[in-house]
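Going by this note's numbering, the first residue of the sequence shown is number 292, and it counts up by one from there. Backbone N, C-alpha and C fix where the C-beta goes; we use that ideal spot for every residue, glycine too.
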Amino acid sequence: MLNSNVPLIPQRADPFIYRHTDGFYYFTASVPAYDGIELRRARQLQDLATAQTVMVWRKPEQGPYSELIWAPEIHFHQGSWYVYFAAAPSRAIKDNLFQHRMYVIRATADNPLTAAWEFVGQVETGIDTFCLDATTFYHQDKLYYLWAQKGPGITGNSNLYIAEMASPVAIKGTPVLLTKPELDWEIRGFWVNEGPAVLKGHGKIFISYSASATDENYCMGLLCADDNADVLNPASWRKAQQPVFQTDASVKMFGPGHNSFTTLADGTDVLVYHCRQYTEIEGDPLWNPDRHTFVKTIQWDQDGMPRFGKPGQP
């Protein structure tokens, strides 16, 4: 049973859980020191809480990807494991932004926790700006790359872009802008659309994403398209005009977001997200370690839309 008001894993932000064909759940997230990529696995979702953790890759001491390792995601494509992540050359702020770019590591062993991981390199998007939070997904037998990036000439920190992939480590074609921060709940503190995740069901494909600053203003938005639509056509997507998941002060759950999705063995869809349980943060929220990983089941309404409910509640 999932206990939705207790952290599954404390002090792990940007959580990603992948249920593989081997029956294991694989977990990764940003670690508080932002210094590497940690993996754990378990047969049961709740057992990730006590599973052994393995740091499978550590950042180098210097270079373009030597600082602030953010939001890793583990995926399995064409017989190999891939972890996509963002990293910066330093902690310096330039043009009001960090200097992150997106990178990927690869392993070919059955068990990625004991594998020898190879650093592949940067995933180039053709736009040389701050970018982060890459995810990948298959749709109609094609592999797609979905991420957040600073748009040239567009106000704010990041928008969501999509592109088909030529391989698991490279995109093809020109990135397509899907959404930018423009609604009042997307521009509180910072103008942000980030942390995309893909959910499918009831003849539709959904992209959840996170918006605003990473304090109690952080919340989730949702894009929706028909399952047979062209996902590279921005007109295919409908954007929810209100957040679909947000702070609930009544249960002390603040700033839920940067989510991913997984499933239980019976096919029940599960929302994975991080959240804080207090707002009295000293200093920059970036360095506060208390964004915890939570999980809760997803309900579907009669129109085939996911209902995430409230954080901390079943």
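> Can you round the beta-carbon distance between ILE365 and LEU330 to whole angstroms, since I take them to be within the 8 Å contact cut?
Replying inline: Working through the sequence shown from its first residue, we reach residue 365 at position 74. Working through the sequence shown from its first residue, we reach residue 330 at position 39. 7 Å between Cβ atoms; contact.
>> By the DSSP assignment, the beta strand (DSSP E) with ASP305 in it spans what residues?
In response: Start at 1 with the first residue of the sequence shown, and residue 305 comes out as number 14. That run of the beta strand (DSSP E) goes 304-310.
> What did DSSP end up calling THR505 once you bin it into helix, strand or coil?
Replying inline: Mapped onto the sequence shown, residue 505 falls at position 214. The answer is coil: DSSP assigns THR505 none of H, G, I, E or B.
>> Distance check for ASP338 and ALA454, CA to CA, integer angstroms please.
In response: Working through the sequence shown from its first residue, we reach residue 454 at position 163. Working through the sequence shown from its first residue, we reach residue 338 at position 47. Each residue's Cα considered, the two are about 35 Å apart.
>> For the beta strand (DSSP E) containing ASN579, name the first residue and the last one.
In response: Numbered from 1 along the sequence shown, position 288 holds the residue referred to as residue 579. From DSSP, ASN579 is part of no beta strand (DSSP E); its letter is neither H nor E.
>> So for GLU473, helix, strand or coil by DSSP?
In response: For the purposes of this step, residue 473 is taken as residue 182 along the sequence shown, with counting starting at 1. Three-state DSSP puts GLU473 in coil, outside helix and strand.
>> Quick check on VAL561: does DSSP put it in helix, strand or coil?
In response: On the sequence shown, position 270 is the one that residue 561 refers to. Looking at VAL561 - three-state DSSP - the assignment turns out to be strand.
>> Check this for me: beta carbons of PHE315 and ARG303, under 8 Å apart or not?
In response: As a first step, residue 315 must be located in the sequence shown, where it is residue number 24. As a first step, residue 303 must be located in the sequence shown, where it is residue number 12. Result no, Cβ atoms of PHE315 and ARG303 do not sit closer than 8 Å.
> Taking MET544 as the reference, which of TRP528, HIS565, GLY417 and ARG529 has the closest Cα?
Replying inline: In the sequence shown, counting from the first residue as 1, residue 544 sits at position 253. The shortest Cα separation from MET544 among TRP528, HIS565, GLY417 and ARG529 belongs to HIS565.
>> With a threshold of 8 Å, are at least 3 pairs of Cβ atoms found where one atom belongs to the stretch 526-536 and the other to the stretch 500-518?
In response: yes
> Taking the alpha-carbon positions, what's the VAL561 to THR554 distance?
Replying inline: By one-based count along the sequence shown, residue 561 stands at place 270. By one-based count along the sequence shown, residue 554 stands at place 263. Spanning the two alpha carbons is a distance of roughly 5 Å.
> Quick one, are the C-beta atoms of GLY442 and LEU468 less than 8 Å apart?
Replying inline: Here residue 442 refers to the residue found at position 151 of the sequence shown. Here residue 468 refers to the residue found at position 177 of the sequence shown. Closer than 8 Å, so yes.
>> Our contact map puts GLY480 next to ASP305 with C-beta atoms below 8 Å; I'd like the distance itself, whole angstroms only.
In response: Position 189 of the sequence shown, counting from 1, holds the residue named residue 480. Position 14 of the sequence shown, counting from 1, holds the residue named residue 305. That pair is no contact at about 18 Å.
> Among all the DSSP beta bridges, which residues are the ones paired with SER499?
Replying inline: Residue mapping note: residue 499 aligns to position 208 of the sequence shown, counting from 1. Beta-bridge pairing links SER499 to ALA488 and LEU513.
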